[in-house]
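Using my numbering, the letters of the sequence shown correspond one by one to residues 766 to 886. What follows is a short report on a single structure.
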Amino acid sequence: MGESTELERAALVYGPYDMPHMYEVVEGVLYADHYFFHLEDGALWLRHVRKVEHPEHTHLFIDGDSGGLQLGKNVHRDLLEVVTEVLNHIRAMNGLTFLVDELLWLEDRGDIELNLVKKKG
766 MGESTELERA ALVYGPYDMP HMYEVVEGVL YADHYFFHLE DGALWLRHVR
816 KVEHPEHTHL FIDGDSGGLQ LGKNVHRDLL EVVTEVLNHI RAMNGLTFLV
866 DELLWLEDRG DIELNLVKKK G
């Protein structure tokens, strides 16, 4: 993710669900062309998304090839304000601080498997 905190409103399409014509549209904000933040029942989510290539749907995205990250619970503030605050908070940390202050102390956390060792031999 880049240095800019430029956010724009966008929509994400989930689906199809149980039937091939069942979809859900969620409103949120887009960051750096591929990262979509949205609120769902008070939870702040981050997802990787891909743009729908259609000239009339310039701000429509579909879920990318990864799962989402829940970044917060019980959020009831303006989405743009919250996302800007979260991005600035994370940007101010180094990687080690993020690992030991955020990931290691998650509530009800089980083991998290990362693959940070690049040279295995």
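Every residue gets a Cβ at the ideal spot worked out from N, C-alpha and C, and that includes glycine.
- In this structure F863 is exposed. Its beta-carbon is surrounded by fewer than 16 other beta-carbon atoms within 10 angstroms.
- CA-to-CA, the gap between N839 and R812 works out to about 18 Å.
- If you draw a straight line from the Cα of L825 to the Cα of G886, it is about 44 Å long.
- Per the coordinates, the alpha-carbon of T849 lies some 12 Å from the alpha-carbon of R842.
- Distance between V847 and L834, taken at the CA atoms: about 15 Å.
- Rounded to the nearest whole angstrom, the CA to CA distance from V817 to W870 is 37 Å.
- Of the residues assessed, L861 falls on the exposed side of the cut-off, its CB having fewer than 16 other CB atoms within 10 angstroms.
- Only residues of its own chain outside the window of five on either side were considered, and among them none has a CB closer than 6 Å to the CB of K884.
- H799 and G829 do touch by the CB rule: their CB atoms are close to 7 Å apart, below 8 Å.
- Judged by DSSP in its simplified three-state form, G860 adopts helix.
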